[in-house]
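Engineer:
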Amino acid sequence: MKFSIYRYNPDTDSRPKMQEYDLEIPEGSDMMLLDALVMLKDKDPSLTFRRACREGICGSDGMNINGKNGLACITPLSKLGKKVTIRPLPGLPVVRDLVVDMAQFYRQYEKVKPYLQNRNEPPARERLQSPEDRAKLDGLYECILCACCSTSCPSFWWNPDKFVGPAGLLQAYRFLADSRDTEKDARLADLDDAYSVFRCRGIMNCVSVCPKGLNPTKAIGHVRSMLLSRGV
Amino acid sequence: MVTTVTSLGRSGLHDWVIQRLSAIVMALFTFYLIWFFASNPHINYELWNAFFSSTLVKGFGILTIILMSLHIWVGMWIVSTDYLKPLSIRLIFQALLVIYCLAIIFWGIQIFWGV
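Chains as they are written, first to last, in our numbering: chain X, 1 to 232; chain Z, 1001 to 1115.
Here it is as structure tokens:
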């Protein structure tokens, strides 16, 4: 199987290049792309990428696979064709090879204050929630922050310092939808500018690439509706 | 919260609502014009003049021109903040954009009201 992989070491390379690799895949095996990358790294130890859990939980190995962002550890080689082209996640600075600097992505995540805020006196044990209210968080809390969505979003490419991006907005709605959170108005006020939410043009790249099958566009629609009902 | 000074509205919601509202009015005016042309296949100057002389068309037309300018302002401002990165070029473009939109409003009012 042929691989074309983005290589860039800022210490030694003046510019990035695509490096070709050949790899013998055992007949009848259906390994994941991450397994192939690990085998390639055995042959060429300079090849650099992030990985940890190897089962789609940690979100470390997000990369651009044949033009579409995804997690290498849950992408079967059998679905990738004869030649696989791998690049780092688009739109973020490359640290080395397939490793990107996620600082900008985390800054946007931090902006939405992704934690429960409640001004009321804490109860003796825990803040309770009805099963119905808890169900409203399904499809929101599962995000693993792999950045596949935000780095597939042109609005995030053009304004990564101002547009919160799909991952951050999914979390923004996760806390806006939480019955235990008392800071909805302040959260919405922070989002009501020309960039943070409204730069989303609804092209749904984020939905198309999310390895967890989440729907940030729908969450952004809910945030817009909340802003609308607050503003009129 | 990101602060902007050259956008039309002072909030994202404001721009978003104006863009959608203006799109609806522009679509209605377009349908109105299509209806006029469709129901008058042999159009001449008298018909044309009578149509645009009515207060309804004047008012509707001026409203559409104003909202179309605001629509352009919001839309092109977004395009400029996406694609024009050098500050000087972006600022000049946005200044010209505002002048252009205001000029369209005044020129449009003059044309519609002058019939």
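Ideal Cβ placement from N, Cα and C applies to all residues, glycine included.
#1: Distance cutoff 8 Å, beta carbons only. Does G91/X sit that close to anything in chain Z?
#2: Return no unless some Cβ of chain Z is closer than 8 Å to the Cβ of K162/X.
#3: Give the residues of chain Z in contact with L128/X, contact being defined as C-beta atoms less than 8 Å apart.
#4: Based on Cα-Cα distance, which residue from L23/X, V95/X and E55/X lies nearest to P10/X?
#5: Could you check what DSSP says for G70/X in three-state terms: helix, strand or coil?
#6: Tell me F3/X's beta-bridge partners as DSSP assigns them.
#7: Does any residue of chain X bring its CB to less than 8 Å from the CB of V1002/Z?
#8: Name the chain Z residues whose beta carbon is nearer than 8 Å to that of N159/X?
#9: Kindly say whether V94/X, judged by its beta-carbon, lies nearer than 8 Å to any beta-carbon of chain Z.
#10: According to the neighbour-count rule (16 or more other Cβ atoms, all chains shown, within 10 Å of its Cβ), is H1024/Z buried or exposed?
#11: With N64/X as the anchor, note down where its beta strand (DSSP E) starts and where it stops.
#12: Measuring straight from C-alpha to C-alpha, what distance separates V1002/Z and M1076/Z?
#13: For F198/X, which residues in chain Z fall below 8 Å Cβ to Cβ?
#14: Rank W157/X, G62/X and K212/X by C-alpha distance to the C-alpha of Q104/X and give the top, closest one.
#15: With a threshold of 8 Å on Cβ separation, who are the neighbours of K1058/Z within its own chain once the five nearest residues in sequence on each side are excluded?
#16: Measuring CA to CA, which of D97/X, Q171/X and L80/X is closest to K17/X?
#17: Looking at the structure shown, is P26/X part of a helix, part of a strand, or coil, going by DSSP?
#18: Just the C-alpha distance for E145/X and G59/X, rounded to the nearest angstrom, thanks.
#19: Counting only beta-carbon separations shorter than 8 Å, does S1007/Z have a partner in chain X?
#20: Looking at the strands, I want to know which residues DSSP matches up with P45/X.
#21: In whole angstroms, what separates the C-alpha of M39/X from that of C148/X?
#22: Note down the Cα distance separating C153/X from G91/X, rounded to an integer number of angstroms.
#23: From the DSSP output, which residues share a beta bridge with V1002/Z?
#24: Within 8 Å (strictly less), CB to CB, does L241/X reach chain Z?
#25: Only counting the same chain, and skipping five residues up and downstream in sequence, which positions put a Cβ closer than 7 Å to that of I1092/Z?
#26: Sort S1069/Z, E1046/Z and Y1032/Z by Cα distance to G1108/Z and report the nearest one.
#27: Which bits of chain Z does D185/X rub up against, with CB to CB less than 7 Å?
#28: If we ignore side chains and look at the alpha-carbon of each, how far apart do R1020/Z and A194/X end up?
#29: Answer with buried or exposed for T1030/Z, where buried requires no fewer than 16 other C-beta atoms within 10 angstroms of its C-beta.
#30: Do A72/X and L37/X count as a contact pair if the criterion is CB distance below 8 Å?
#31: Can you tell me whether DSSP reads V38/X as helix, strand or coil?
#32: Pop quiz: W1073/Z and L1013/Z are said to be a contact at Cβ under 8 Å. What is the actual Cβ separation, rounded to whole angstroms?
#33: Verify the CB distance criterion: does D190/X have a CB-CB separation below 8 Å to chain Z?
#34: Does any residue of chain Z bring its CB to less than 8 Å from the CB of A194/X?
Structural biologist: In short:
#1: Within the first sequence, the letter at position 91 stands for residue 91/X. So, not an interface residue.
#2: The sequence position of residue 162/X within the first sequence is 162, counting from 1. Closer than 8 Å: yes.
#3: The residue labelled residue 128/X in the question sits at position 128 within the first sequence. Per Cβ cutoff of 8 Å: no residues; L128/X is ~32 Å from chain Z at best.
#4: To locate residue 10/X, count along the first sequence from 1; it is residue 10. Selection L23/X, V95/X and E55/X evaluated against P10/X yields V95/X as nearest (Cα-Cα).
#5: To locate residue 70/X, count along the first sequence from 1; it is residue 70. Under the three-state reduction of DSSP output, G70/X falls in the strand class.
#6: What you label residue 3/X is simply residue 3 of the first sequence in a count that begins at 1. The partner list for F3/X (beta bridge, DSSP) reads Y21/X and V84/X.
#7: The residue given as residue 1002/Z occupies position 2 in the second sequence. Yes, V1002/Z counts as interfacial toward chain X.
#8: In the first sequence, counting from the first residue as 1, residue 159/X sits at position 159. The answer, in chain order, is T1081 and D1082.
#9: Start at 1 with the first residue of the first sequence, and residue 94/X comes out as number 94. Answer no: the Cβ-Cβ gap between V94/X and chain Z never drops below 8 Å.
#10: Reading the second sequence from its first residue, position 24 is the one you call residue 1024/Z. Note on residue identity: the sequence assigns Ile, not His, to residue 1024/Z. Exposed is the call here.
#11: Here residue 64/X is taken as the residue at index 64 of the first sequence, counted from 1. Note, N64/X: beta strand (DSSP E), G62 to I65.
#12: Counted from its first residue, the second sequence places residue 1002/Z at position 2. Counted from its first residue, the second sequence places residue 1076/Z at position 76. Roughly 18 Å between the two C-alpha positions.
#13: Residue numbering aside, residue 198/X sits at position 198 when the first sequence is read from its first letter. Correct list: G1012, L1013, D1015 and W1016.
#14: Position 104 of the first sequence holds residue 104/X. With distances taken between Cα atoms, Q104/X lies closest to W157/X.
#15: On the second sequence, position 58 is the one that residue 1058/Z refers to. Within the same chain, F1052, F1112, W1113 and V1115 come within 8 Å of K1058/Z by CB-CB distance, once the 5 residues on both sides are set aside.
#16: In the first sequence, the residue the question calls residue 17/X occupies position 17. Comparing Cα-Cα distances from K17/X to each of D97/X, Q171/X and L80/X, the minimum goes to D97/X.
#17: The count along the first sequence starts at 1 and reaches residue 26/X at position 26. Here P26/X sits in coil by DSSP.
#18: In the first sequence, residue 145/X corresponds to position 145, counting from 1. In the first sequence, residue 59/X corresponds to position 59, counting from 1. The displayed chain sequence assigns Leu, not Glu, to residue 145/X. Rounded to the nearest angstrom, the two C-alpha atoms are 6 Å apart.
#19: Taking the first residue of the second sequence as 1, we reach residue 1007/Z at position 7. For S1007/Z, the answer is yes, since a Cβ of chain X falls inside 8 Å of its Cβ.
#20: Stepping through the first sequence from its first residue, residue 45/X is reached at position 45. According to DSSP, P45/X bridges with nothing at all.
#21: The residue labelled residue 39/X in the question sits at position 39 within the first sequence. The residue labelled residue 148/X in the question sits at position 148 within the first sequence. Our two residues, M39/X and C148/X, have alpha carbons roughly 24 Å apart in a direct line.
#22: Taking the first residue of the first sequence as 1, we reach residue 153/X at position 153. Taking the first residue of the first sequence as 1, we reach residue 91/X at position 91. Going by C-alpha positions, C153/X is about 9 Å away from G91/X.
#23: Here residue 1002/Z refers to the residue found at position 2 when the second sequence is read from its first residue. According to DSSP, V1002/Z bridges with nothing at all.
#24: Summary: the structure shown does not reach residue 241/X, with chain X confined to residues 1 through 232, and so no result is reported for it.
#25: Along the second sequence, one-based indexing puts residue 1092/Z at 92. Nothing meets the Cβ criterion.
#26: To locate residue 1108/Z, count along the second sequence from 1; it is residue 108. Looking at the Cα atoms, S1069/Z is the closest of the given residues.
#27: Residue numbering aside, residue 185/X sits at position 185 when the first sequence is read from its first letter. By Cβ distance, chain Z contributes nothing, its closest Cβ being about 13 Å from D185/X, past 7 Å.
#28: The residue labelled residue 1020/Z in the question sits at position 20 within the second sequence. The residue labelled residue 194/X in the question sits at position 194 within the first sequence. Between R1020/Z and A194/X, the C-alpha separation is close to 15 Å.
#29: As a working note, residue 1030/Z is residue 30 in the second sequence. T1030/Z should be labelled exposed.
#30: Position 37 of the first sequence holds residue 37/X. Position 72 of the first sequence holds residue 72/X. For L37/X and A72/X, yes; Cβs fall inside 8 Å.
#31: The residue labelled residue 38/X in the question sits at position 38 within the first sequence. Helix at V38/X.
#32: Residue 1073/Z sits at position 73 when you count from the first residue of the second sequence. Residue 1013/Z sits at position 13 when you count from the first residue of the second sequence. Not confirmed; about 16 Å, so no contact.
#33: Numbered from its first residue, the first sequence carries residue 190/X at position 190. Yes, contact with chain Z.
#34: Looking up residue 194/X in the first sequence gives position 194. Put simply, the CB of A194/X is near chain Z, with a gap under 8 Å to one of its CB atoms.
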